[in-house]
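Protein chains in written order, with our numbering: chain A, 92 to 497; chain B, 92 to 497. The beta carbon of each residue, even a glycine, is placed where N, CA and C say it ideally should be. Values in this document were obtained by computation on a predicted structure and should not be read as measured data. Before any comments, here is the structure.
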């Protein structure tokens, strides 16, 4: 019988998988004095996969981490908040390498075994001396209970830490998978979209790990939008150390499919958590596009709606303004005909036959007052579907980003 | 000696050109009781040209007006605010035709001589009886001094009426050209972008009039962005009635070039006025992209910056956050290299050699405090330039659009 993948009710984070330790500490990078330096470590060398920002202005740690992913294996992820180490020139690249070097020294491995991640203000040089000074303590503090602190240490404007875990069986062995993530502004499709660190004890080749990650990122992190901006620093990384003892996955068989299903559940959960925690968000909005000619068209319509400031402010105002929804669908530039398109909010049909539908206003008002709202767009052009997740646009978004000074 | 085109210091609007009359009245379409129905008329039949929204969800008046433009000539423009007549099904189309029919009756011309424009809430049926009832009074009130009232009657959330005029000489005859426009939300490139009505007494063929309008719209209305949304109703219309008595322009000679230059001055002025009056705007931002590989790439970078909520909120906060600017340039998807890109605000270099530049903070602070701010991006990739105009993103944008209920 086929196993069903379900997420653990309470997430166990990045130390759930066998052989992984983690920690987060206060290294003095954040003026607030909050946790700002995280480490995730596996003594047993892990297969590694990663997806990275597609922004042409990529941060220094992205270059360093791409090199590590290219080797196929890694031991650790070191990740700071408070400074993005982006637009920092040759010094920034040197600092990212220094971060990897000292972490490797302390863990007795090679610098190319280290993934480096950074997030925070763009354009400031990394306080590399503070980081180097903190690394011995960071390594000494590694713990099987350290996932929560590691999750805290990678946050910026997030209001909560994102985490998820699951487990399943292959070859009679329990496979564990857990993750931490951050992201609440600068979220946008077609990139890795934020910092996401996933650990698992499955045995799998780096090539298949990369293939699975790519497929999952396309349907999760690339399907969310907070403000349409695309960061310089974003990455999603998976470490798979094989400690579960399953026969290594070397081909796209049923075990691979099960693994990919679990990875999808984790990444989709994190993506939704990120969209729900969008800067200043008061609503979490799911946009289901049905009946498009192909997946890309469905996604384009969903993103067009998700990125529309007029749609986002309407949800903030709890106004079922279907005019803005159908308008945003109309300018997406893909096949759609208003005469055959059906719009629903919370299952209530609000637009069909090219015009507003008659509906129960009290019912719809109740739906609009909820925190979680689902919009369905039935294009009736083909068989392809896509789901996009986003949030509303509020006074607080303007406050957070208008007052966040460089 | 070549004539220089300059805009009139005080605009004379749509009744500047010989033979044009206009008026705006209160027909009861706006709950506020403000002016909401406008008419522009020339007894001498005019060549007509138009560009329209590219939204697949186009409003009924767009279909009617496209038919009129296809005939090449027209006598009048009737335009209401308060109701967009969009997503109104067959009834909406019938109402738009009825609007043209009754206007034509009252002016003793054909319905295909009438341009119909609407703006306002999407999805409500047009109060066509109120409009039909008002048309006789509207026609009787036509006046050579009516441009200002016509300009008022087409506004929605605009805080002021947009207008511009100019004059020049061809064949020893003075050519007059004037315009009114509206638009402050749902402004976005690649479409006509708002309601814009231009009148001129030049004699020119409809084909050349259309050609000139297209060229001008591409460098004006298609180069502004308020919120990235694209309306269902937008159109730019030019009527040229030939009353100036010049030898009709029938080829792309020097006279045509001079005319196009004047039309460009008018449309660019209106585009800038619209961007400056963006919903809730407190800043007017000019984005000059220089040294791109081609015009489209330059425009794409400019629009990427103009549409970034993070950039727009930074300007609202008067923060010279070059990280967000270079980041938005980086995800535009066109050739750019941060190492060779130079960023300036108000002429002050803030980013070069892949990192922040040293600048006088007091000077930059003063520049950021101004209402009008110019951002320059030197890509150093090629010879193409483009200028995009936009505004900041403020609490008031969220207020206006979060509280504008259907």
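Inside the stretch 408-438 of chain B, DSSP marks whole alpha helix (DSSP H) runs of 4 or more residues at positions 413-421, from first to last along the chain.
At a cut-off of 9 Å between beta-carbon atoms, residue 457/A makes no contact with chain B. Within the stretch 163-180 of chain A, 175, 177, 178, 179 and 180 place their CB atoms closer than 9 Å to a CB of chain B, listed in sequence order. Annotation for residue 171/B: the continuous beta strand (DSSP E) segment containing it runs 164-174. Flagged as an interface residue toward chain B: residue 149/A, by a C-beta distance shorter than 9 Å. Chain A has a Cβ within less than 9 Å of the Cβ of residue 485/B. In this structure, DSSP gives residue 396/A a helical state, which the three-state scheme calls helix. As the crow flies, the alpha-carbon of residue 207/B is around 17 Å from that of residue 111/B.
The alpha carbon of residue 484/B has as its nearest neighbour, out of 483/A, 489/A and 439/A, the alpha carbon of 489/A.
For residue 488/A, the three-state secondary structure derived from DSSP is helix. Classified as buried, residue 267/A has 16 or more neighbouring CB atoms from the shown chains inside 10 Å of its CB. Taking a 10 Å sphere around the C-beta of residue 364/B, we find 16 or more other C-beta atoms and assign the residue as buried. With a threshold of 9 Å between beta carbons, residue 413/A makes contact with chain B. The Cβ atoms of residue 328/B and residue 465/B do not sit closer than 9 Å to each other. Nearest CB-CB separation between residue 420/B and chain A: below the 9 Å threshold.
The continuous alpha helix (DSSP H) containing residue 355/B extends over residues 345-367. A direct Cα-Cα distance of roughly 54 Å separates residue 486/B from residue 342/A. Close to chain B, meaning a Cβ-Cβ distance shorter than 7 Å, are the following residues of the stretch 445-478 of chain A: 445, 446 and 447. Look at residue 250/B: its C-beta is not under 9 Å from any C-beta on chain A.
For residue 326/B, the enclosing beta strand (DSSP E) covers residues 326-331. In chain order, 303, 306 and 307 place their CB closer than 8 Å to the CB of residue 351/A, counting only its own chain and leaving out the 5 sequence neighbours on each side.
Residues of the stretch 125-151 of chain B that bring their beta carbon within less than 9 Å of a beta carbon in chain A comprise 144, 145, 146, 147, 148 and 149, in sequence order.
Taking a contact to require three or more Cβ pairs closer than 8 Å, the stretch 227-235 of chain A and the stretch 432-444 of chain B do not qualify as touching. DSSP lists 375/B as the beta-bridge partner residues of residue 463/B.
In the three-state scheme derived from DSSP, where H, G and I count as helix and E and B as strand, residue 94/A is classed as coil.
Between the stretch 290-302 of chain A and the stretch 133-141 of chain A, the count of C-beta pairs closer than 8 Å reaches three or more; the two stretches touch.
Residue 215/B has its alpha-carbon roughly 51 Å from the corresponding atom of residue 93/B. For the stretch 426-443 of chain B, the set of positions with a beta-carbon nearer than 9 Å to some beta-carbon of chain A reads 426, 427, 428, 429, 430, 432 and 442 in chain order. For residue 255/A, the pairing in a beta bridge is given by DSSP as 270/A. Here DSSP, grouped into helix, strand and coil, assigns residue 215/B to coil. Between residue 104/B and the set 223/B, 95/B and 272/B, the nearest pair of CA atoms involves 272/B. Between the beta-carbon of residue 427/B and that of residue 472/B there is about 7 Å, and that keeps the pair under the 8 Å contact cut. CA-CA distance, residue 106/B to residue 148/A, rounds to 51 Å. A direct Cα-Cα distance of roughly 49 Å separates residue 181/A from residue 96/B. At a beta-carbon threshold of 8 Å, the residues of chain B lying near residue 212/A are 414, ordered along the chain.
Residue environment: residue 456/A is assigned as exposed (fewer than 16 neighbouring CB atoms within 10 Å of its CB, all protein chains considered).
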